[in-house]
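Below: one structure, written as structure tokens.
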Amino acid sequence: MLDLITLTDTTFAETVLGSDLPFVVDFWADWCPPCRPMAQTLAELAPEFEGQLRIGKINADENPETTRSYRIMSMPTLLFFTGGIVTATLVGARPKSILRSALTNAVTPYVNR
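The numbering of the sequence shown is our numbering, which starts it at 75 and goes up by one.
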């Protein structure tokens with residue numbers, strides 16, 4: 075299990091928007107009951123995607139600028155970034171199988187065949 079990268083308003087742009095790999099950001103809060111299990115599941119899945127994808131977390135209450143700029147209204151919310159652009163959003167807690175699928179989709183570009 076890997077620790078998720080801790081993000082702040084100060085480090086967000088450089089770390090996430092400047093990442094050469096797809097980046098998934100977990101917006102969470104201390105008062106949010108499903109946030110802890112969600113972060114735990116993401117940490118369990120992180121080793122499967124090492125080298126293909128980066129996963130970070132940002133405390134929405136402690137980092138209001140980033141939370142506001144991405145219009146985060148519910149916790150937990152996952153934003154998926156590729157090349158500094160939001161490519162997908164997942165709101166609410168999800169089972170491990172759904173998170174694994176979402177992470178896989180983030181590293182495997184869609185191809186219309």
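The beta carbon of each residue, even a glycine, is placed where N, CA and C say it ideally should be.
The model shown is predicted, which means the values in this text are computed figures rather than measured ones.
So, under 8 Å CB-CB, residue 155 and residue 163 are touching, yes? Tell me the CB distance rounded to an integer number of Å.
Not quite, the Cβ-Cβ distance comes to about 11 Å (not below 8 Å), so this is no contact.
Go ahead and label residue 96 buried or exposed: buried means 16 or more other beta carbons lie within 10 angstroms of its beta carbon, across all protein chains shown.
buried
Going by DSSP, what residue range makes up the alpha helix (DSSP H) through residue 161?
That residue, residue 161, is in no alpha helix (DSSP H); its beta strand (DSSP E) goes 159 to 165.
Contact under 8 Å by Cβ, residue 192 with residue 80
Residue 192 lies beyond the residue range present for the chain, which begins at 75 and ends at 187; the question has no answer from this structure.
Suppose the cutoff is 8 Å on Cβ atoms and the five residues either side in sequence are ignored; what does the same chain contact list for residue 92 look like?
158
Chain-order list of residues whose beta-carbon lies under 6 Å from that of residue 120 (same chain, five-residue window excluded)
76, 129
Please report the distance separating the alpha-carbon of residue 176 from that of residue 142.
24 Å
Name the two residues that bound the continuous alpha helix (DSSP H) containing residue 146.
Taken as a continuous stretch (DSSP letters only), residue 146 belongs to no alpha helix (DSSP H), as it is neither H nor E.
Given a cut-off of 8 Å on the beta-carbon distance, is the pair residue 173 and residue 117 in contact?
no
Buried versus exposed, by CB contacts within 10 Å (16 or more), residue 134:
buried
How would you call residue 112, buried or exposed, if buried means at least 16 neighbouring beta carbons within 10 angstroms?
buried
Runs of alpha helix (DSSP H) wholly within the region 101 to 134 (minimum 4 residues, chain order):
109 to 119
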